[in-house]
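Trainee: Take this structure first; my questions come after.
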Amino acid sequence: MTVLETNRWSADRVNAWYDAQDWPCGFNYMPSTAVNFADMWHAETFDADRIATEMGWAEAIGYNSARVNIQFIQWKTDPKGVLARVDRFMDIAAKHGVSTVLCLFDDCGFSGVEPTAGVQPDPVPDKHNSRALASPGRDAVLDETQWPDYLDYVKDVVTTFADDPRILFWDLYNEPGNDSIFLTDVTEDRYSDALWAKSFALCKKVFAEARAINPSQPVTSAAWMLEHAWENEEGIGTAYQNEIDQFLLDASDIISFHAYCPLPWFTKIIGTLQEFGRPIMCTEWLARPAGSIMSEQLPLMHDHRIGAYQWGFVNGRSQTNIPWPNLKAKIRNFDATTSPWFHDVLREDGSPYDAHEMELVSRLTSKS
Numbered sequence: 145m146t147v148l149e150t151n152r153w154s155a156d157r158v159n160a161w162y163d164a165q166d167w168p169c170g171f172n173y174m175p176s177t178a179v180n181f182a183d184m185w186h187a188e189t190f191d192a193d194r195i196a197t198e199m200g201w202a203e204a205i206g207y208n209s210a211r212v213n214i215q216f217i218q219w220k221t222d223p224k225g226v227l228a229r230v231d232r233f234m235d236i237a238a239k240h241g242v243s244t245v246l247c248l249f250d251d252c253g254f255s256g257v258e259p260t261a262g263v264q265p266d267p268v269p270d271k272h273n274s275r276a277l278a279s280p281g282r283d284a285v286l287d288e289t290q291w292p293d294y295l296d297y298v299k300d301v302v303t304t305f306a307d308d309p310r311i312l313f314w315d316l317y318n319e320p321g322n323d324s325i326f327l328t329d330v331t332e333d334r335y336s337d338a339l340w341a342k343s344f345a346l347c348k349k350v351f352a353e354a355r356a357i358n359p360s361q362p363v364t365s366a367a368w369m370l371e372h373a374w375e376n377e378e379g380i381g382t383a384y385q386n387e388i389d390q391f392l393l394d395a396s397d398i399i400s401f402h403a404y405c406p407l408p409w410f411t412k413i414i415g416t417l418q419e420f421g422r423p424i425m426c427t428e429w430l431a432r433p434a435g436s437i438m439s440e441q442l443p444l445m446h447d448h449r450i451g452a453y454q455w456g457f458v459n460g461r462s463q464t465n466i467p468w469p470n471l472k473a474k475i476r477n478f479d480a481t482t483s484p485w486f487h488d489v490l491r492e493d494g495s496p497y498d499a500h501e502m503e504l505v506s507r508l509t510s511k512s
């Protein structure tokens with residue numbers, strides 16, 4: 145048996161684990177003062193006070209979990225410092241009743257540039273996630289000579305927190321193979337098939353490394369292309385129509401997925417994933433102009449006990465209230481100050497973008 149097969153949690157084990165948890169209702173988190181995850185974890189810009197304030201808002205509303213990415217380039221530059229700051233973040237979150245989901249790698253870099261360590265540039269005005277960086281970076285993924293460093297990173301981070309009760313589960317690799325060109329202003333496709341193949345191979349090694357460590361928390365990585373199987377009303381297609389999504393669903397303890405799509409497609413995806421007989425987490429959703437709407441989809445996930453992690457919490461320097469560039473171009477008379485927000489639920493002063501949304505979260509999590 146392979147390491148993946150040997151250490152994957154059985155359905156009985158992971159379902160028993162999930163039965164002991166509160167319904168996870170959370171968000172993908174970056175403090176509003178950070179422009180990207182490199183900014184979040186850098187020593188000079190790590191903003192513990194702001195994190196504490198925003199986690200206090202989360203607790204008051206009723207949120208109980210946060211998914212957050214670590215940036216490899218900052219770990220490589222300052223491994224002990226980054227791990228200390230991750231520990232500090234989780235301590236702050238836990239004091240406010242918020243568990244942590246740590247994500248180690250990410251191919252979705254909206255900026256289209258390779259990561260650099262240190263202080264990050266200011267956001268590009270009026271542009272969604274303008275400084276977002278892949279991790280370790282798309283060029284870096286293509287360079288197999290660097291892969292031993294990536295596996296050392298997995299070993300260091302997962303071993304350090306393998307028995308930490310503040311971690312709800314591990315998300316090993318965000319959207320492997322995603323070159324994001326359709327979401328950005330970049331027109332040149334420099335990656336495509338090459339990135340797909342290399343990311344898939346690296347993802348398998350990352351899973352194997354994590355399985356060898358065998359942490360006390362379950363591990364997953366989200367199938368992220370499921371919604372494209374349901375792009376017509378008849379639902380023609382299969383829920384996992386490519387090798388990466390298929391691998392992620394078969395290798396994960398928890399079934400997790402991303403879906404920025406209207407309710408009919410979202411419902412079909414859930415129905416298909418329930419056939420796996422394992423806990424389900426939607427680790428990215430909420431894109432109002434794309435039809436991913438809280439009033440429709442959060443109650444559905446609550447009723448089916450599907451963990452819900454919307455993209456964004458407090459609007460800030462990542463500017464994710466602005467739509468993806470390809471969608472923004474289709475919105476007539478778009479205005480960042482008056483058009484509906486894409487992601488995020490709170491303004492920088494903690495007031496809700498839509499009070500009804502936050503009342504819904506409070507009610508579903510039984511938090512007054």
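Counting in the working numbering, the sequence shown runs from 145 upward without gaps.
For every residue, glycine included, the Cβ atom is placed at its ideal position computed from N, Cα and C.
Quick caveat, the model's predicted, so the values are computed rather than measured.
Is it buried or exposed for residue 156, if we count other Cβ within 10 angstroms and need 16 for buried?
Mentor: For the purposes of this step, residue 156 is taken as residue 12 along the sequence shown, with counting starting at 1. So residue 156 ends up on the exposed side.
Trainee: Of all the options 205, 229 and 200, which has the alpha carbon lying nearest to the alpha carbon of residue 212?
Mentor: Counting from 1 along the sequence shown, the entry for residue 212 is found at position 68. When only C-alpha atoms are compared, the closest one is 229.
Trainee: Distance check for residue 308 and residue 462, CA to CA, integer angstroms please.
Mentor: Along the sequence shown, one-based indexing puts residue 462 at 318. Along the sequence shown, one-based indexing puts residue 308 at 164. Each residue's Cα considered, the two are about 29 angstroms apart.
Trainee: Can you look up residue 170 in the DSSP assignment and give me helix, strand or coil?
Mentor: By one-based count along the sequence shown, residue 170 stands at place 26. Of the three classes helix, strand and coil, the one that applies to residue 170 here is strand, per DSSP.
Trainee: Would you kindly work out how many angstroms separate the C-alpha atoms of residue 178 and residue 413, rounded to a whole number?
Mentor: Looking up residue 178 in the sequence shown gives position 34. Looking up residue 413 in the sequence shown gives position 269. In this structure, the alpha-carbon of residue 178 lies about 33 angstroms from that of residue 413.
Trainee: Buried or exposed for residue 475, please, with buried defined as at least 16 other CB atoms from any protein chain shown within 10 angstroms of its CB.
Mentor: Numbered from its first residue, the sequence shown carries residue 475 at position 331. Label assigned to residue 475: exposed.
Trainee: How many Å lie between residue 306 and residue 416 at the Cα?
Mentor: The residue given as residue 306 occupies position 162 in the sequence shown. The residue given as residue 416 occupies position 272 in the sequence shown. Cα to Cα, residue 306 sits roughly 31 angstroms from residue 416.
Trainee: With DSSP collapsed to three states, give me the class of residue 455.
Mentor: Looking up residue 455 in the sequence shown gives position 311. Residue 455 falls in the strand class under three-state DSSP.
Trainee: In the DSSP assignment, find the beta strand (DSSP E) that holds residue 211 and state where it starts and stops.
Mentor: Position 67 of the sequence shown, counted from the start, is the residue given in the question as residue 211. Residue 211 -> beta strand (DSSP E) spans 209–213.
Trainee: To the nearest angstrom, how far is the alpha carbon of residue 494 from that of residue 265?
Mentor: Locating residue 494 in the sequence shown gives position 350, counting from the first residue. Locating residue 265 in the sequence shown gives position 121, counting from the first residue. Near 25 angstroms, if we compare the C-alpha coordinates of residue 265 and residue 494.
Trainee: In whole angstroms, give me the CA-to-CA distance for residue 244 and residue 270.
Mentor: Walking along the sequence shown from the start, residue 244 turns up at place 100. Walking along the sequence shown from the start, residue 270 turns up at place 126. The alpha-carbon of residue 244 is positioned some 30 angstroms away from that of residue 270.
Trainee: Alpha carbon to alpha carbon, how far is residue 338 from residue 344?
Mentor: Mapped onto the sequence shown, residue 338 falls at position 194. Mapped onto the sequence shown, residue 344 falls at position 200. If I take the Cα positions, the gap works out to 10 angstroms.
Trainee: Taking the alpha carbon of residue 314 as the reference point, which residue from 342, 272, 300 and 359 has its own alpha carbon closest?
Mentor: Within the sequence shown, the letter at position 170 stands for residue 314. Taking each of 342, 272, 300 and 359 in turn and checking the Cα distance to residue 314, the smallest one comes out for 359.
Trainee: Can you tell me the Cα-Cα spacing of residue 504 and residue 403, whole angstroms?
Mentor: The residue you call residue 504 lines up with position 360 of the sequence shown. The residue you call residue 403 lines up with position 259 of the sequence shown. Using only the alpha carbons, I get a separation of about 20 angstroms.
Trainee: Report yes or no: is there a C-beta of chain B within less than 8 angstroms of the C-beta of residue 281?
Mentor: Protein chain content of the structure displayed is limited to a single chain, and chain B is not contained in it.
Trainee: Determine the closest residue to residue 279 out of 174, 294 and 357, with distance taken between C-alpha atoms.
Mentor: On the sequence shown, residue 279 is found 135 positions in, with the first residue counted as 1. If we check each option's Cα against that of residue 279, 294 comes out closest.
Trainee: Around the C-beta of residue 285, are 16 or more other C-beta atoms found within 10 angstroms, so that it is buried, or is it exposed?
Mentor: For the purposes of this step, residue 285 is taken as the residue at position 141 of the sequence shown. So residue 285 ends up on the buried side.
Trainee: If the criterion is Cβ atoms closer than 8 angstroms, does the pair residue 486 and residue 469 meet it?
Mentor: Looking up residue 486 in the sequence shown gives position 342. Looking up residue 469 in the sequence shown gives position 325. Result no, Cβ atoms of residue 486 and residue 469 do not sit closer than 8 angstroms.
Trainee: Do residue 247 and residue 319 have their C-beta atoms within less than 8 angstroms of each other?
Mentor: Along the sequence shown, one-based indexing puts residue 247 at 103. Along the sequence shown, one-based indexing puts residue 319 at 175. It is not a contact, given that the beta carbons lie outside the stated cut-off.
Trainee: Would residue 411 and residue 272 be called neighbours here (beta carbons separated by less than 8 angstroms)?
Mentor: On the sequence shown, residue 411 is found 267 positions in, with the first residue counted as 1. On the sequence shown, residue 272 is found 128 positions in, with the first residue counted as 1. No.
Trainee: How many angstroms separate the CA atom of residue 386 from the CA atom of residue 347?
Mentor: Here the question's residue 386 lines up with position 242 in the sequence shown. Here the question's residue 347 lines up with position 203 in the sequence shown. Between residue 386 and residue 347, the C-alpha separation is close to 15 angstroms.
Trainee: Assuming residue 451 and residue 425 form a contact by the criterion Cβ under 8 angstroms, report the distance between their Cβ atoms to the nearest whole angstrom.
Mentor: Here residue 451 corresponds to residue number 307 of the sequence shown, with the count starting at 1. Here residue 425 corresponds to residue number 281 of the sequence shown, with the count starting at 1. Contact flag correct, Cβ pair sits at about 4 angstroms.
Trainee: Taking residue 443 as the reference, give the member of 418, 316, 164 and 169 with the closest Cα.
Mentor: Along the sequence shown, one-based indexing puts residue 443 at 299. Nearest in C-alpha terms to residue 443, of all of 418, 316, 164 and 169, is 169.
Trainee: Within its chain, find whatever has a CB closer than 8 angstroms to the CB of residue 221; leave out the 5 residues flanking it on each side and keep chain order.
Mentor: Here residue 221 corresponds to residue number 77 of the sequence shown, with the count starting at 1. Taken in chain order, the residues that qualify are 261 and 262.
Trainee: Would you grab the beta carbon distance between residue 249 and residue 210 for me? Rounded to a whole angstrom, and I think it's under 8 angstroms.
Mentor: Within the sequence shown, residue 249 is the residue found at index 105, counting from 1. Within the sequence shown, residue 210 is the residue found at index 66, counting from 1. Going by Cβ atoms, the distance from residue 249 to residue 210 rounds to 18 angstroms, so no, they are not a contact pair.
Trainee: Would you tell me roughly how many angstroms separate the C-alpha atoms of residue 400 and residue 192, rounded to the nearest one?
Mentor: Against the sequence shown, residue 400 aligns to sequence position 256. Against the sequence shown, residue 192 aligns to sequence position 48. If I take the Cα positions, the gap works out to 29 angstroms.
Trainee: Quick check on residue 344: does DSSP put it in helix, strand or coil?
Mentor: Residue mapping note: residue 344 aligns to position 200 of the sequence shown, counting from 1. In the structure shown, residue 344 sits in a helix (DSSP, three-state: H, G or I).
Trainee: Taking just the CA atoms, how far does residue 158 sit from residue 165?
Mentor: For the purposes of this step, residue 165 is taken as residue 21 along the sequence shown, with counting starting at 1. For the purposes of this step, residue 158 is taken as residue 14 along the sequence shown, with counting starting at 1. For residue 165 and residue 158, the distance between alpha carbons rounds to 11 angstroms.
Trainee: Is residue 436 helix, strand or coil by DSSP?
Mentor: By 1-based counting over the sequence shown, the position of residue 436 is 292. Strand.
Trainee: Quick check on residue 201: does DSSP put it in helix, strand or coil?
Mentor: Counting from one through the sequence shown, the residue named residue 201 turns up at place 57. DSSP places residue 201 in helix when its eight states are reduced to three.
Trainee: Relative to the alpha-carbon of residue 500, which residue among 277, 439 and 398 has its alpha-carbon at the smallest distance?
Mentor: Working through the sequence shown from its first residue, we reach residue 500 at position 356. Out of 277, 439 and 398, 439 has the C-alpha closest to the C-alpha of residue 500.
Trainee: Nearest by alpha-carbon distance to residue 432: which of 472, 316 and 506 is it?
Mentor: The sequence position of residue 432 within the sequence shown is 288, counting from 1. Considering only alpha carbons, the answer is 472.
Trainee: Nearest by alpha-carbon distance to residue 390: which of 368, 409 and 408 is it?
Mentor: Along the sequence shown, read from residue 1 onward, the residue named residue 390 stands at position 246. When only C-alpha atoms are compared, the closest one is 368.
Trainee: Ignore the nearest five residues each way along the sequence and tell me which others in residue 478's own chain have a CB closer than 7 angstroms to its CB.
Mentor: Numbered from its first residue, the sequence shown carries residue 478 at position 334. Counting only Cβ-Cβ distances below 7 angstroms, and skipping sequence neighbours, we find 472.
Trainee: In the DSSP assignment, what are the bridge partners of residue 314?
Mentor: Reading the sequence shown from its first residue, position 170 is the one you call residue 314. DSSP lists 246 and 363 as partners of residue 314.
Trainee: Cutting at 8 angstroms between CB atoms, please list the residues of its own chain near residue 267, excluding the five before and the five after it.
Mentor: In the sequence shown, counting from the first residue as 1, residue 267 sits at position 123. Excluding residues up to 5 positions away in sequence, 179, 274, 275, 461, 462 and 463 lie with their Cβ nearer than 8 angstroms to the Cβ of residue 267 in the same chain.
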